[in-house]
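Reviewing the structure listed below.
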Amino acid sequence: MVKMNVKFETPEQLVEFSRMCQKVEADTLIEDTVHKLIIDGKSVMGMMTVTLNQRLIFVVDGSDEKEVLSTFEKYRTEDMVQKQNLG
116 MVKMNVKFET PEQLVEFSRM CQKVEADTLI EDTVHKLIID GKSVMGMMTV
166 TLNQRLIFVV DGSDEKEVLS TFEKYRTEDM VQKQNLG
C-alpha cells in the first residue's frame with residue numbers, strides 16, 4: 116500500500132483522475148480526513164463529492180502501485196509519499 120497527498124483544483128481534474136484510476140488494476144482510494152470520507156477513485160460520482168483545493172490522501176494498493184503513483188504525479192501536493200507493508 117502506498118499513500119500520496121493530492122489536491123484537485125477543478126471538476127475536470129476529478130473526472131480525469133477517476134478515468135485514469137479506472138485504467139489501473141490496483142485499488143485506488145481517496146481519503147478525505149476533514150470530512151472523514153473514503154472514496155473509490157474509480158467512481159466518477161464518488162469523486163464529484165471531493166472538496167476542491169483541499170489536501171487529500173491518495174491510497175493505492177496493488178501489484179502495480181509504484182507505476183500508478185508515477186502516473187498520478189501531477190496531482191501530488193506537498194512531500195508525502197508513504198509505503199506501508201501490511202502483511
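For the sequence shown, the working numbering assigns the number 116 to the initial residue and increments by one for each residue that follows. Here a beta-carbon is modelled for each residue, glycine too, at the ideal position from N, C-alpha and C. Here the structure is a predicted model, which is why all the values come from computation and not from measurement.
Heavy atom of the ligand NAP less than 6 Å from the Cβ of residue i, yes or no?
i	result
Asn168	In the structure shown, the ligand NAP is absent, as is every other ligand, since no ligand is present at all.
Whole angstroms is fine: what's the gap from residue i's alpha carbon to residue j's?
i	j	result
Ser178	Gln128	25 Å
Ile145	Leu184	13 Å
Arg170	Thr192	7 Å
In chain order, what residues of the same chain lie with their CB nearer than 7 Å to the CB of residue i, ignoring the 5 residues before and after it?
i	result
Thr186	Met135
Following the continuous alpha helix (DSSP H) through residue i, name the residue where it begins and the one where it ends.
i	result
Phe132	126-137
Val159	159-162
Using a threshold of 7 Å, state whether the C-beta atoms of residue i and residue j are closer than that.
i	j	result
Val175	Thr143	yes
Val121	Tyr190	yes
Ile154	Lys118	no
Phe132	Leu167	no
Glu180	Ala141	yes
Val159	Val130	yes
Note the first and the last residue of the continuous beta strand (DSSP E) segment covering residue i.
i	result
Lys118	117-121
Val183	Looking at the DSSP string, Val183 is not in any beta strand (DSSP E); the run it does join, the alpha helix (DSSP H), is 180-186.
Glu140	From DSSP, Glu140 is part of no beta strand (DSSP E); its letter is neither H nor E.
Val174	171-176
Leu152	152-155
Near residue i, what residues of its chain come up, given a Cβ to Cβ distance below 8 Å and the 5 sequence neighbours on each side ignored?
i	result
Gln137	Lys157
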